[in-house]
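Engineer:
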Amino acid sequence: MLRAFLVMMLVLCALCGIYLLAFAPEFFMPALDNPAWGRQFGPLAARSLGAALAVIVVLAVIFLRHQYSETRRYPSPAVQKIYFVLILLALGLINLSIQLAEPMPAPPAVHSGP
375 MLRAFLVMML VLCALCGIYL LAFAPEFFMP ALDNPAWGRQ FGPLAARSLG AALAVIVVLA
435 VIFLRHQYSE TRRYPSPAVQ KIYFVLILLA LGLINLSIQL AEPMPAPPAV HSGP
C-alpha cells in the first residue's frame with residue numbers, strides 16, 4: 375500500500391512539474407489563513423516551482439532505487455551529500471517561486487450565468 379502511494383506521488387509530482395516547466399501557466403494560490411488574499415504566480419515563478427518538483431522527483435527515484443532494490447543497502451556518504459544538495463536546491467527553488475509571486479487580493483469570481 376505504501377509503495378503504491380509513493381509511486382502515485384512520484385507520478386503526480388512528475389506530471390505537475392513537467393506541466394509547469396513546459397507551459398508556465400499563470401495561476402493564483404490563495405493564502406491559508408485568509409483565502410481573500412494570496413499570491414499570483416507568473417510564468418517565471420511557475421517554472422521555478424516546476425523545477426523544484428522535478429528535483430523532488432529525482433530525489434524520490436534515488437530513494438526508491440536504494441530502498442527497493444534486490445539487496446537493501448544504505449546510501450553511502452557521497453549519496454547522502456547528493457541528497458543534501460538536492461534537498462537544498464528544491465527548497466531554494468520553492469523559496470524563489472514564492473518570492474517571485476506577487477501578493478495580491480483574490481481575483482473576482484466570474485459567473486457565466488445571467
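Residue numbers (the numbering used here): 375 to 488.
C-beta: ideal position from N, C-alpha, C; glycine also.
On a predicted model such as this, the values are computed, not experimentally measured, just so you know.
Distance, Cα to Cα, residue 398 vs residue 468?
Structural biologist: As a first step, residue 398 must be located in the sequence shown, where it is residue number 24. As a first step, residue 468 must be located in the sequence shown, where it is residue number 94. Their Cα atoms are separated by approximately 15 Å.
Engineer: Quick one: using the 10 Å Cβ neighbour count with 16 as the cut-off for buried, is residue 425 buried or exposed?
Structural biologist: On the sequence shown, residue 425 is found 51 positions in, with the first residue counted as 1. It is buried - the Cβ of residue 425 has at least 16 other Cβ atoms within 10 Å.
Engineer: Report the rounded CA-to-CA distance for residue 378 versus residue 438, giving the unit in angstroms.
Structural biologist: The count along the sequence shown starts at 1 and reaches residue 378 at position 4. The count along the sequence shown starts at 1 and reaches residue 438 at position 64. About 12 Å.
Engineer: Please identify the residue among 404, 376, 457 whose C-alpha is closest to the C-alpha of residue 481.
Structural biologist: Within the sequence shown, residue 481 is the residue found at index 107, counting from 1. Taking only the C-alpha atoms, the option nearest residue 481 is 404.
Engineer: According to the Cβ coordinates, are residue 419 and residue 395 closer than 8 Å?
Structural biologist: Here the question's residue 419 lines up with position 45 in the sequence shown. Here the question's residue 395 lines up with position 21 in the sequence shown. No, the Cβ-Cβ distance between residue 419 and residue 395 is not below 8 Å.
Engineer: Who are the near neighbours of residue 477 in its chain, counting only those whose CB is closer than 6 Å to its CB and skipping five residues on each side?
Structural biologist: In the sequence shown, residue 477 corresponds to position 103, counting from 1. If we look at residue 477 and ignore the five residues flanking it on each side, its Cβ neighbours are 413.
Engineer: Check each candidate in 483, 390, 386 and name the one with the smallest Cα separation from residue 422.
Structural biologist: Numbered from 1 along the sequence shown, position 48 holds the residue referred to as residue 422. It is 390 whose Cα lies nearest to the Cα of residue 422.
Engineer: Given a threshold of 16 other Cβ atoms within 10 Å of its Cβ, counted over all protein chains shown, does residue 464 qualify as buried or as exposed?
Structural biologist: Here residue 464 refers to the residue found at position 90 when the sequence shown is read from its first residue. It is buried - the Cβ of residue 464 has at least 16 other Cβ atoms within 10 Å.
Engineer: Measuring only the C-alpha atoms, how far is residue 435 from residue 388?
Structural biologist: Counted from its first residue, the sequence shown places residue 435 at position 61. Counted from its first residue, the sequence shown places residue 388 at position 14. Looking at the two C-alpha atoms, the distance is approximately 11 Å.
Engineer: Could you tell me the distance, in whole angstroms, from the CA atom of residue 402 to the CA atom of residue 445?
Structural biologist: Residue 402 sits at position 28 when you count from the first residue of the sequence shown. Residue 445 sits at position 71 when you count from the first residue of the sequence shown. Each residue's Cα considered, the two are about 45 Å apart.
Engineer: Using 8 Å for Cβ pairs, my map puts residue 440 next to residue 449. What's the rounded Cβ distance?
Structural biologist: Position 66 of the sequence shown, counted from the start, is the residue given in the question as residue 440. Position 75 of the sequence shown, counted from the start, is the residue given in the question as residue 449. Contact holds; Cβ gap of about 5 Å.
Engineer: Since residue 489 and residue 415 should fall inside the 8 Å C-beta cutoff, what is the C-beta to C-beta distance between them, to a whole number of angstroms?
Structural biologist: The chain is shown from 375 up to 488; residue 489 falls before or after that span and cannot be answered.
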